[in-house]
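Protein chains in written order, with the working numbering: chain W, 86 to 255; chain U, 86 to 255.
Cβ atoms here follow ideal geometry from the backbone N, Cα and C, with glycine treated the same way.
No experiment lies behind these values; they were computed from the predicted model shown.
2 protein chains.
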Amino acid sequence: MSGARRSFAGIDCAVAQAIEQMGDPWILLILRCQFQGIKRFDDFQGHLQISTSVLTDRLRRLVQAGLLRKEQDQQDKRGTVYLLTEKGMDFYPVMIALHQWSERWEAREDGPRLELLDKQSREPVRTVRVLSQDYRELSAKDVLALVDDRSGEMMQDIQERLKRRRGDAA
Amino acid sequence: MSGARRSFAGIDCAVAQAIEQMGDPWILLILRCQFQGIKRFDDFQGHLQISTSVLTDRLRRLVQAGLLRKEQDQQDKRGTVYLLTEKGMDFYPVMIALHQWSERWEAREDGPRLELLDKQSREPVRTVRVLSQDYRELSAKDVLALVDDRSGEMMQDIQERLKRRRGDAA
DNA sequence: GGAAATAACTTCTTTAAACGAAGTTAAATT
DNA sequence: AATTTAACTTCGTTTAAAGAAGTTATTTCC
Chain W
86 MSGARRSFAG IDCAVAQAIE QMGDPWILLI LRCQFQGIKR FDDFQGHLQI STSVLTDRLR
146 RLVQAGLLRK EQDQQDKRGT VYLLTEKGMD FYPVMIALHQ WSERWEARED GPRLELLDKQ
206 SREPVRTVRV LSQDYRELSA KDVLALVDDR SGEMMQDIQE RLKRRRGDAA
Chain U
86 MSGARRSFAG IDCAVAQAIE QMGDPWILLI LRCQFQGIKR FDDFQGHLQI STSVLTDRLR
146 RLVQAGLLRK EQDQQDKRGT VYLLTEKGMD FYPVMIALHQ WSERWEARED GPRLELLDKQ
206 SREPVRTVRV LSQDYRELSA KDVLALVDDR SGEMMQDIQE RLKRRRGDAA
């Protein structure tokens with residue numbers, strides 16, 4: 086981004102918070118590499134063709150956000166390894182959901198690039214979905230997003246706008 | 086982004102493709118609004134405090150990418166409604182996974198901002214996870230990412246790098 | 001043990017895309 | 001007919017991204 090890089094920190098919404106940290110192409114690509122087992126500065130660079138200054142910046146941000154931690158490489162003391170924290174590993178469902186969405190809608194004609202198999206059973210993993218307690222697949226229209234009373238004006242503002250439009254319109 | 090806006094289109098990887106389209110804060114925030122039922126230009130602007138030029142651009146991109154479609158508002162013929170396509174609706178699991186991840190790691194001290202309930206049962210939706218066929222929760226280390234033979238050099242390059250490092254190191 | 005190589009950065013300059021503000025067009029309400 | 005409103009477009013400025021070159025501290029090679 087440029088102009089004046091906006092902050093979404095003020096928006097009282099979990100997704101906006103997440104986007105504040107993760108809504109950057111390089112951040113997401115670096116994390117994707119992590120899930121493939123890439124841990125070192127040079128390997129990120131070799132794979133992603135990212136400039137050193139940007140890579141440094143994004144790794145720093147990821148460490149600051151608590152998704153990665155820095156450690157000295159035990160094999161080569163010069164080296165540094167960037168390892169996923171629990172918070173970082175917990176991002177895995179988002180990454181896989183993104184991967185599967187992309188495979189569904191931007192698929193190459195000659196089949197999937199990458200198959201994700203459960204190591205234990207050797208079967209493909211399930212498609213990541215929003216599920217009910219009894220495992221029904223839910224779409225957006227099946228889900229009620231209940232705004233908590235304590236929420237800021239932001240969320241309630243939306244609901245009022247929509248109410249006004251539906252009710253008073255025409 | 087600036088300098089020279091990088092394209093990830095060349096990277097032969099589903100996630101990179103997805104990030105090419107969706108790895109932008111405004112794109113994600115607009116889509117989040119969509120899932121909340123916001124459909125009109127002014128409502129996006131009122132909610133997100135996004136400048137008109139950027140909003141125009143991002144809506145255009147979303148239409149071009151096939152996640153939204155433009156239609157004339159039936160109530161007010163001046164108006165335009167932006168509606169989710171099937172591809173757009175299919176992004177829902179990614180959004181909810183992101184939401185839940187954020188609630189887990191950036192939670193406010195006074196509880197969740199938004200509760201997601203299954204309309205049918207009124208119970209909370211399940212946490213979005215990567216699941217095996219028999220519904221075991223899988224983390225990254227439980228999943229084998231099998232690279233297809235037909236994949237480009239990119240993916241295989243990673244595997245070779247890692248092999249070399251493990252094998253020939255020390 | 002000294003020289004060359006390598007890992008992981010910093011610093012610097014250039015560039016172009018993103019941002020915000022103000023202006024525009026066309027439809028609808030008064 | 002005049003005013004308001006929706007949905008943009010245009011324009012100038014800002015600023016982060018890219019890329020190249022330089023830096024420091026190990027480590028391997030001879």
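Rounded to whole angstroms, the gap between the alpha carbons of LEU168(U) and ARG221(U) is 35 Å.
Scanning the segment 177 to 246 of chain W from its first residue to its last, the whole alpha helix (DSSP H) runs of 4-plus residues come out as 177 to 190. DSSP places THR141(W) within a helical segment (H, G or I) once states are collapsed to three. Put simply, the backbone Cα of MET107(U) is about 18 Å away from that of ARG214(W). ASP203(U) and ASP227(W) have their C-alpha atoms roughly 6 Å apart. In the DSSP annotation of this structure, the continuous segment of the alpha helix (DSSP H) that includes ARG117(W) starts and ends at 110 to 120. The residue from GLN159(U), GLU156(U) and ARG117(U) with its alpha-carbon nearest to that of ALA230(W) is ARG117(U). The beta-carbon distance between VAL232(U) and LEU199(W), rounded to whole angstroms, is 6 Å. This is short enough to meet the 8 Å contact definition. Interface criterion met: the Cβ of GLN218(W) is under 8 Å from a Cβ in chain U. Identification of chain W residues near GLN205(U) by a Cβ-Cβ cut-off of 8 Å yields SER217, ARG221 and ASP227, ordered along the chain. Here the segment 92 to 106 of chain U lies against the segment 176 to 186 of chain W, with 3 or more beta-carbon pairs under 8 Å apart.
Around the Cβ of ALA225(W), a 10 Å sphere holds 16 or more other Cβ atoms; the residue is buried. Between LEU152(W) and PHE176(W), the C-beta spacing is below 8 Å. DSSP, read as helix, strand or coil, puts LYS172(W) in helix.
The closest CA to that of GLU191(U), considering only ALA150(W), GLY122(W) and ILE123(W), is found on ALA150(W). Taking a Cβ-Cβ threshold of 8 Å, the residues of chain W close to ARG211(U) are VAL215, LEU216, SER217, GLN218 and TYR220, in chain order. Residues of the segment 174 to 192 of chain U with a C-beta atom less than 9 Å from some C-beta of chain W are MET174, ASP175, PHE176, TYR177, PRO178, VAL179, MET180, ILE181, ALA182, LEU183, HIS184, GLN185, TRP186, SER187, GLU188, ARG189, TRP190, GLU191 and ALA192, listed in chain order. Beyond the five residues adjoining it in sequence on each side, LYS155(W) comes within less than 7 Å, by CB distance, of VAL148, THR165 and TYR167 in the same chain, given in chain order. Here the alpha carbon of VAL179(W) sits roughly 12 Å from the alpha carbon of THR212(W). For LEU133(U), no beta strand (DSSP E) run applies; the uninterrupted alpha helix (DSSP H) run containing it begins and ends at 126 to 133, by DSSP.
In the three-state scheme derived from DSSP, where H, G and I count as helix and E and B as strand, ARG163(W) is classed as coil. Among the bridge pairs identified by DSSP, ARG154(W) is matched with LEU168(W).
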